[in-house]
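Remarks on the structure that follows.
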Amino acid sequence: MKVRFNSMIKMLGVAAALAFAQGAAAQSAGQLTAKFGVNQITPKVESGDISAPALPGTKADVGRDMQPVLIFAYGLTDNISVEAALGTPYKHKLYGAGAIEGTGLLGTAEALPAIAFLQYRFFQPTATFRPFVGIGATYAYFMKERGSARMTAITNPGSGVPTTFSIDSKFTYTAQVGVAMNLSEKWFADVTVNKTRLRTDVNFSTGQTQAMKLDPVSVVLAVGYKF
Amino acid sequence: MRHTKLALAVLTAAVLTACGGGGTSPNGGDQTNKLTFSNQVSFGDSLSDVGTYRVGAVAAAGGGKFTINGDSTARNEDLNGKIWLDFMAAQLKLAAPCAAQTGLQGNAALGFSVPITNHPNCFNYAQGGSRVTNPIGPGNAATGSPIGEMTVPMATQIANHLAKVNGKFTGTELVTVLSGGNDVLMQLAAVTQAGTTAGAQAFAQLLATRLAAGATNPQAAAQAIGIAIATENARPGKTDQSVVTAAVTAAAQQPGNQAVAQQSVWGPIVAGAQTEGTAAGNAAAVTYASTNATRMVTELGTAGAQMAALVKNQLIANGAKYVIVANLPDVASTPAAKNRPAAIQTLVAAMVNAFNTQLKNNLDVNDARILYTDLYSVSNDQVKNPGPYGLSNTSAAACAPNALGTTSLICTANNTVAGDVSRYMFADEIHPTPFENDLIARYVLKDMAVKGWL
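Here the protein sequences come in this chain order: L and P.
52 is the number that numbering that gives the first Met the number 0 gives to position 53 of the first sequence; each next residue is one higher, with no gaps.
323 is the number that numbering that gives the first Met the number 0 gives to position 324 of the second sequence; each next residue is one higher, with no gaps.
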């Protein structure tokens with residue numbers, strides 16, 4: 000846990016450093032922008048089988064979640080910027096799948112993905128539409144994993160010991176495409192699609208493990224202000 | 000600088016959220032079950048029996064369930080002595096199941112005669128050896144067994160429960176039914192009997208003829224040896240060895256036949272007769288099985304239909320709203336069947352299939368009150384594909400032979416075969432270990448979740 004928290008604090012530190020930087024002119028070199036919006040994260044799940052002892056082909060599915068997000072960007076040049084986000088954790092529901100399809104909600108987990116992007120923005124800072132692409136260093140932090148009576152029932156029934164699970168937090172990367180529209184000299188709106196490569200392992204208190212390919216797609220709709 | 004302060008405030012909030020209330024570490028979450036049942040009511044056979052025969056010498060031996068008995072979790076957490084209904088009841092936060100009737104009707108000298116007692120506050124009616132409707136099952140005194148199991152059939156078990164509760168279920172009970180295995184085993188016992196009789200006859204005939212071959216008058220000698228074998232066979236307490244000794248002694252007394260008394264002469268003769276006698280017995284068993292196959296398969300189908308009728312007319316019709324109907328596991332994949340010739344295994348598979356087909360066809364498996372759980376398929380798959388289930392052995396029995404033969408009824412962690420047997424599938428040649436029972440419980444609970452009962 001200590002390692003995880005240190006990493007978290009580093010990520011947040013990047014955001015803080017960006018926030019301290021002084022803004023200049025319109026979404027250009029030396030300028031800070033802040034945007035507020037919503038981010039929907041949809042995992043594209045390919046579940047591995049939970050390890051023995053289990054019904055062969057016992058898999059899991061993970062639901063989507065949407066949360067508000069506050070994103071800061073800082074222009075290194077007129078075309079190159081860095082970006083980091085702050086937000087509340089995403090709460091994902093875990094469902095039985097594969098051989099246990101139909102068992103329903105088995106657990107929940109919260110994810111706090113921290114991403115620092117390096118972006119390239121096309122066209123001039125004054126253009127109405129500015130498409131951009133980015134590549135991000137990502138730390139996917141999982142927490143508050145919660146089981147259920149059903150999860151216990153199909154993994155360790157009647158023992159009186161509720162089954163718990165933890166999801167390994169991972170460093171990974173994210174690709175980004177988006178387009179911003181300048182609404183006025185100070186205000187803009189943008190839409191961003193992020194695709195993260197995310198392979199992780201779920202570790203159960205029963206000693207079982209499950210490999211999960213989550214590869215989430217997140218879609219951010221935001222309105223921002225240029226300082 | 001205003002925005003700087005805002006950002007810091009948000010950061011602080013985020014960090015606090017991450018560290019704060021409720022804790023970020025994993026926990027079990029809400030362990031409340033969707034439905035609350037009043038109790039667990041079970042009907043069936045040894046697979047559901049939680050201690051009908053845990054009395055007398057069986058209790059003294061530490062036995063009582065048809066699995067590896069007793070809590071040996073200090074040795075291995077899987078050696079917990081539980082069966083699937085124990086796991087289920089605990090998971091559903093119900094009282095541990097207890098036997099509705101206890102006792103034994105067997106040999107008093109061996110400690111197997113204990114008065115039958117009914118327990119009004121216990122609702123597990125399942126008894127080892129019991130069948131769907133026929134009152135005589137394996138272990139019953141009427142089969143010649145010294146143990147003397149009551150083997151009250153499922154039909155009577157249900158009638159006994161209804162009598163206890165004034166004929167009606169409240170609708171809040173979780174009812175489980177699982178039977179049919181002993182209907183298969185009784186058919187197999189008839190096959191075995193046919194083979195044993197024919198094998199013994201062939202052995203005696205071969206032995207007498209061959210031991211007499213050196214005599215002056217082989218025909219008369221063979222007759223005399225035959226009489227000696229028959230006489231010894233009829234003596235209580237005889238053994239295979241004593242029969243052989245009697246035959247050899249009689250043979251050596253025949254005129255001109257003294258040489259047969261030497262072990263180098265009679266030894267090979269006895270071994271040969273045993274081999275050929277066994278082969279003749281096996282052949283006779285297979286012949287009996289094929290001659291009677293149609294009748295046996297039909298009888299199993301009838302038993303399956305009778306079980307379905309009990310579910311509909313005695314359980315559902317009398318108000319039961321949650322009935323788990325487990326079909327018959329794959330008896331053909333158990334050591335009990337696999338230790339027999341291929342033709343017998345095929346017959347067992349056909350009997351199990353007939354039972355399950357009739358059981359399912361005569362039930363409305365989509366009825367909201369009936370959960371039909373397919374133990375056949377999962378047990379069949381476990382034997383073929385043990386790895387994912389965590390099973391270490393699906394072909395051998397975990398229990399070593401004991402005072403009662405090979406039954407797990409008095410098997411404990413102290414009399415298993417050597418090595419780690421905690422994740423064996425079978426305790427004896429037909430009954431599951433506690434670990435396999437755990438897997439069965441998980442499977443049934445999984446089905447309950449899918450049905451919306453969990």
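We treat Cβ as the ideally placed atom computed from N, Cα and C, and that holds for glycine.
Under DSSP, Lys-169/L shares a beta bridge with Ala-139/L. Nearest to Asp-214/L by C-alpha distance, out of Lys-225/L, Ala-174/L, Arg-129/L and Ala-72/L, is Ala-174/L. Taking 3 residues as the minimum length, the beta strand (DSSP E) runs contained wholly in the segment 65-109 of chain L are 79-86 and 89-97, in order along the chain. Here Ala-402/P is near Ile-409/P, since their CB atoms are less than 8 Å apart. If you check the CB distance, Gly-80/P and Pro-334/P do not come in under 8 Å. Around the beta carbon of Asp-200/L, fewer than 16 other beta carbons sit within 10 angstroms, so the residue counts as exposed. In this structure, Ala-189/P is the residue among Val-183/P, Ala-189/P, Ala-162/P and Thr-169/P with its C-alpha nearest to the C-alpha of Thr-142/P.
For Pro-42/L, no chain P residue has a C-beta closer than 7 Å to its own C-beta; the minimum C-beta separation is roughly 19 Å. Arg-130/P and Val-330/P have their alpha carbons spaced roughly 15 Å apart. Listed in chain order, the positions of the segment 62-80 of chain L with a beta carbon within less than 9 Å of a beta carbon of chain P are Leu-69 and Phe-71. By the rule that beta-carbons nearer than 8 Å mark a contact, Met-424/P does not touch chain L. Of Gly-180/P, Val-247/P, Leu-91/P and Thr-274/P, the smallest CA-CA separation from Trp-265/P is found for Val-247/P.
Beyond the five residues adjoining it in sequence on each side, Leu-210/P comes within less than 7 Å, by CB distance, of Ile-224, Ala-246, Val-247, Ala-250, Val-259, Trp-265 and Ile-268 in the same chain, given in chain order. Arg-145/L has Thr-107/L and Asn-26/P as its beta-bridge partners, per DSSP. With a threshold of 8 Å between beta carbons, Pro-96/P makes no contact with chain L. With fewer than 16 other Cβ atoms from the protein chains shown falling within 10 Å of its own Cβ, Ile-115/P counts as exposed. Three or more Cβ pairs closer than 8 Å define a contact, and the segment 183-190 of chain L falls short of that threshold against the segment 153-164 of chain L. Those residues of the segment 27-42 of chain P placed with their C-beta closer than 8 Å to a C-beta in chain L are Gly-27, Gly-28, Asp-29, Gln-30, Thr-31, Asn-32 and Lys-33, ordered along the chain.
The C-alpha of Val-40/P is placed about 9 Å away from the C-alpha of Val-322/P. Judged by DSSP in its simplified three-state form, Gln-261/P adopts coil rather than helix or strand.
Contact between Val-176/P and Met-306/P holds: their C-beta atoms lie close to 7 Å from each other, under 8 Å. Of Ala-233/P, Phe-36/P, Ile-135/P and Ser-421/P, the smallest CA-CA separation from Asp-70/P is found for Ser-421/P. In the DSSP secondary-structure assignment, Gly-36/L is bridged to Val-68/L and Ala-221/L.
Against chain P, a Cβ distance below 7 Å from Glu-144/L picks out Pro-25. Here Arg-294/P carries a helix assignment [DSSP, helix/strand/coil].
Under the three-pair Cβ rule at 8 Å, the segment 134-149 of chain L counts as touching the segment 107-121 of chain L. In this structure, DSSP gives Val-382/P a helical state, which the three-state scheme calls helix. By the rule that beta-carbons nearer than 8 Å mark a contact, Pro-400/P does not touch chain L.
Contact with chain L is absent for Gln-313/P, since none of that chain's Cβ atoms lies less than 8 Å from the residue's Cβ. Secondary-structure assignment with DSSP links Phe-187/L through a beta bridge to Asn-181/L and Gly-223/L. Distance from the Cα of Gln-126/P is smallest, within the candidate group Ser-332/P, Pro-119/P and Asn-139/P, for Asn-139/P. Bridge partners of Asp-60/L according to DSSP: Tyr-94/L. Interface annotation for the segment 70-94 of chain P against chain L: Lys-81, Asp-85, Phe-86, Met-87, Ala-88, Ala-89 and Gln-90, criterion Cβ-Cβ distance under 8 Å.
For Ala-148/L, the nearest CB of chain P lies under 8 Å from its own CB, placing it at the interface with that chain. Taking 9 Å as the upper bound on Cβ-Cβ separation, chain P lies near residues Arg-149, Met-150, Thr-151, Ala-152, Ile-153, Thr-154, Asn-155, Pro-156, Gly-157, Ser-158, Gly-159, Val-160, Pro-161, Thr-162, Thr-163, Phe-164, Ser-165 and Ile-166 of the segment 149-183 of chain L.
In terms of beta-carbon proximity, Asp-48/L lines the interface with chain P, with at least one pair separated by less than 8 Å.
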